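Participant: The structure is given below, and queries will be raised subsequently.
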Amino acid sequence: MAEVDRIRWQCRRGLLELDLMLNRFLDRELAGLGPEELLLFKELLNEADTLLLAWVMGQEQPPGRYQVLIRRLQQVSMDYL
Numbered sequence: 004m005a006e007v008d009r010i011r012w013q014c015r016r017g018l019l020e021l022d023l024m025l026n027r028f029l030d031r032e033l034a035g036l037g038p039e040e041l042l043l044f045k046e047l048l049n050e051a052d053t054l055l056l057a058w059v060m061g062q063e064q065p066p067g068r069y070q071v072l073i074r075r076l077q078q079v080s081m082d083y084l
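Each residue of the sequence shown is one higher than the one before, starting from 4 at the first, in my numbering.
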């Protein structure tokens with residue numbers, strides 16, 4: 004449980020939009036992430052807020068290693084619109 008709490012804390016961002024997107028993704032997708040995907044998600048959380056938002060909003064191309072994860076984040080976000 005402590006690991007999930009740490010990840011949830013890292014999902015708290017300075018940008019409300021990003022905070023909401025990441026927490027929704029965590030709520031819906033965390034249980035289905037494999038070990039490698041979870042590690043990648045934790046790495047993604049170390050990126051700057053402005054970069055993360057630009058990637059999720061499709062304004063910039065994410066690095067190759069993040070592309071699948073960013074697409075999943077986008078899909079979860081679109082499901083709430």
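Virtual Cβ for every residue (Gly too), placed ideally from N, Cα, C. Please read all numbers here as calculations on a predicted model, not as lab measurements.
(1) Going by DSSP in three states, Ala57 sits in which element: helix, strand or coil?
(2) Counting only the same chain and skipping the five closest in sequence on each side, list residues whose C-beta sits under 7 Å from that of Tyr83.
(3) So is Ile59 buried or exposed if we call it buried at 16+ other beta carbons inside 10 Å?
(4) Any idea if Met81 is buried or exposed, counting beta-carbon neighbours within 10 angstroms, 16 or more meaning buried?
(5) Using a Cβ-Cβ cutoff of less than 8 Å, which residues in the same chain neighbour Leu21 once the five nearest sequence positions on both sides are dropped?
Facilitator: According to the structure shown:
(1) helix
(2) Arg27
(3) At residue 59 the sequence reads Val, which differs from the Ile that was named. Buried, by the Cβ-count rule.
(4) exposed
(5) Asp52, Leu55, Leu56, Val59
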